[in-house]
Amino acid sequence: MKAVLFDLDGTMLPIDTEAFVKAYMKKLAPAVQHLVHPDQFVQALWRGTAAMQQNLDPAKTNEQVFMETFIPEAGVSQREIAPVLHTFYEEEFASLRPEGLPSTKAADIIDAASRQGLITAAATNPVFPEAAVRHRLNWAGIDRSSLDFITSYENSSFTKPHTQYYEELCDRMEVAPEECIMVGNDVQEDIVAGSIGMKTYLVTGFVIDRGSPAYKPDDTGTLDDLFQDIQSGTGLFK
């Protein structure tokens with residue numbers, strides 16, 4: 003193995019994703035209400051997100067696809083709203099950190115993987131700007147500089163569960179899927195990586211499994227189990 007890909011929300015960052023998204027929307031809409039009505043903004047945001055999730059054009063980044071749908075739906079110019087969104091993600095997004103986040107071995111896991119000579123990537127679904135990804139890494143106790151790659155909507159052209167997302171990241175890391183391990187908590191969005199030859203590790207605690215399509219991970223365990231496997235070079239990390 004040459005690389006290990008880590009999902010973020012519900013995996014390295016122990017949060018309830020659904021609850022977090024609700025809190026995120028509740029805080030973001032008022033931040034732009036001087037430009038667009040909150041109801042219209044939320045509708046435009048969801049449609050832009052849906053466009054990213056459906057896109058399979060490698061010539062466009064997720065950010066470009068999002069803006070192409072979001073801007074006309076919101077009825078505001080990109081020149082007007084872009085600085086407001088930038089300020090929100092850089093400065094206000096940090097306040098969304100859930101209270102009482104448990105400490106995990108997330109940073110130790112990244113360090114252990116690097117010590118084993120593995121390329122490390124934060125393979126979070128790239129529907130957020132990089133600033134939002136950096137904040138969530140901080141909540142998990144992970145320093146951005148400790149990772150070789152992170153995916154965000156600025157640098158990705160596909161989203162999970164499309165296998166093109168994983169293939170694109172492999173190309174950037176200059177490794178084959180068969181040389182990678184995908185670590186995640188979502189059966190349909192993360193463990194799908196096994197269908198292109200990656201080994202997969204399902205982290206328990208916040209498992210999401212919609213039942214179909216069904217994918218079977220190569221290994222399962224807690225973050226503590228994962229840390230022990232990586233540190234000792236056992237399991238998938240032999």
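Numbering (this note's numbering), first residue to last: 3 to 240. We treat Cβ as the ideally placed atom computed from N, Cα and C, and that holds for glycine.
With DSSP run on the structure shown, which of helix, strand or coil describes residue i?
i    : result
V24  : Strictly speaking, residue 24 in this sequence is Lys, with Val absent from that position. If DSSP states are grouped into helix, strand and coil, K24 belongs with the helices.
T222 : strand
I17  : coil
D188 : strand
I'd like to confirm the pairing. Which residues does DSSP put opposite residue i in its beta bridges?
i    : result
C182 : A5
K201 : I183
I232 : According to DSSP, which records beta bridges pairwise, I232 is partnered with nothing at all.
I210 : D188
I193 : Per DSSP, none; premise fails for I193.
What separation, rounded to the nearest whole angstrom, lies between the Cα atoms of residue i and residue j?
i    : j    : result
T165 : S116 : 25 Å
S234 : E92  : 38 Å
L225 : T13  : 8 Å
R174 : A123 : 11 Å
L30  : H88  : 11 Å
I152 : T126 : 7 Å
A133 : V209 : 26 Å
E101 : D41  : 27 Å
Give me, in chain order, the residues of the same chain whose beta-carbon lies closer than 6 Å to that of residue i; leave out the 5 immediate sequence neighbours on both sides.
i    : result
S148 : I112
V250 : Residue 250 lies beyond the range of the chain shown here (3 to 240); nothing can be said about it.
R138 : L10 and L15
Once the 5 residues before and after residue i are set aside, which same chain residues still bring their CB inside 7 Å of it?
i    : result
A25  : L98
W141 : L15, R99 and L103
L120 : M3, K4, A5 and V6
Please go through the same chain and pick out, in chain order, the residues whose beta-carbon is closer than 8 Å to the beta-carbon of residue i, but skip the five residues on each side of it.
i    : result
I198 : T165, Y168, E169 and P179
What beta strand (DSSP E) runs, 3 residues minimum, are completely inside the segment 65-150? 121-124
For a minimum of 3 consecutive residues, which ranges assigned as the beta strand (DSSP E) are wholly contained in the segment 19-63? none
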